[in-house]
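Following: one structure in structure tokens, then a few remarks.
Residue numbers (my numbering): 1 to 156.
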């Protein structure tokens, strides 16, 4: 009986090994087919990787060029900002100077607000010769230069 059990166990074991060998044979056949297909795909895959690396290099070079352009523009913008600050300071100084001149002018205009009478500005008899209208007297009294006696000046 032990012989029979060992023979049956040996037969089952051989049958299992045969089934496992058939399965391994099929898997190896599929693997060889896949490797054969991969052998034809690998050169095109290699070429594709080469093209992609060229594209990436082109992007990197373009990015470097754009960064250089941005840095140049930024430097130019900083220089223009400095010039604008200088011009702004100059404009503020000019504004301060003009305000001061305007204040001086207003003070002078306030002093000149009272106009000098025409008699003190024009030569004597000019209004009559030119036919200009007569100026009315202010407060009933005319503005005349004070008359000094020549005798008093000579004596003193």
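Glycine included, every Cβ here is placed at the ideal spot set by N, Cα and C. Being a predicted model, the structure only gives us computed values, none of them experimental.
Residue 14 carries a helical assignment under DSSP once its states are collapsed to helix, strand and coil.
Cβ neighbours of residue 15 within its own chain (closer than 6 Å, five residues either side excluded): none. Residue 27 and residue 38 have their C-alpha atoms roughly 16 Å apart. Distance from the CA atom of residue 83 to the CA atom of residue 93, rounded to whole angstroms, is 15 Å. Rounded to whole angstroms, the separation of the alpha carbons of residue 89 and residue 106 is 26 Å. Rounded to the nearest whole angstrom, the CA to CA distance from residue 87 to residue 64 is 34 Å.
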